[in-house]
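**Student:**
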Ligand SMILES: [Zn+2]
């Protein structure tokens, strides 16, 4: 079952996210979700059924109202999940928007084929990777992160530069390996005059 409660978005467009109307719309939707969940849990066969309940929002709003940009206020959202294997009351930071669809598919027992190119991971299968709990890199100028590659201990070449806010994400960099090269050294170089930091993990190299 898929239910869309759209009045919070309307309140955001009409009054902005910093408004009383937006908060009231959230309270109303919260009560409506409660009614739906109560209808589910009062089913006569509920005890023998296997429900996964997912509550999410596809975006936020600016304080003035509106969305579609890349600010955190517009992009940051949540996933509330309840079901078998999910610890009640637990808080996780490794969950991202693309996880919603694959969580539903996994619950229905549908095998996820790589050809579908879904980059989410089922919430029922938490990652063992602690760094996936890092949700954002927030840029504080002047800062710069660079990915550099050198071949056979030659001069490093910069292949990627970061200078702005970056949500935690998987990056793929394609390298042009010089013919005859025998070794490659990949470095991450960070320059800043403050104590903010970036995190890299899960580095994988593949040949094509
Ligand atoms: Zn909208």
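In my numbering, the protein residues as written are 187 to 394. Heads up, the beta-carbon is just placed ideally off N, CA and C, and yes, glycines get one too. All figures in this text were calculated on a predicted structure; none of them were measured in a lab.
(1) Counting C-beta neighbours from all protein chains within 10 Å, is the total for residue 194 16 or more, i.e. buried, or is it exposed?
(2) In chain order, what residues of the same chain have a beta carbon less than 6 Å from the beta carbon of residue 268, not counting five sequence neighbours either side?
(3) What's the C-alpha gap between residue 393 and residue 295?
(4) Does the separation of the CB atoms of residue 328 and residue 379 fall below 9 Å?
(5) If you draw a straight line from the alpha carbon of residue 348 to that of residue 358, how long is it in whole angstroms?
(6) What span of residues does the beta strand (DSSP E) with residue 240 cover, start to end?
(7) Assign residue 329 to one of three DSSP states: helix, strand, or coil.
(8) Short check: CB of residue 207 to CB of residue 216, under 9 Å?
(9) What number of angstroms, rounded off, separates the C-alpha of residue 292 from the C-alpha of residue 307?
(10) Between the Cα of residue 212 and those of 188, 236, 242, spot the shortest distance and give me the residue it belongs to.
**Tutor:** In brief:
(1) Per the 10 Å Cβ criterion, buried.
(2) Excluding its 5 nearest sequence neighbours in each direction, residue 268 has C-beta neighbours in its own chain below 6 Å: 239, listed in chain order.
(3) Those two C-alpha atoms are separated by around 33 Å.
(4) Going by C-beta atoms, residue 328 is nearer than 9 Å to residue 379.
(5) Their backbone Cα atoms lie some 14 Å apart in a straight line.
(6) Start and end: 238-242.
(7) Judged by DSSP in its simplified three-state form, residue 329 adopts strand.
(8) At the C-beta level, residue 207 and residue 216 stay beyond 9 Å of one another.
(9) One Cα belongs to residue 292, the other to residue 307, and the distance between them is close to 9 Å.
(10) Nearest in C-alpha terms to residue 212, of all of 188, 236, 242, is 242.
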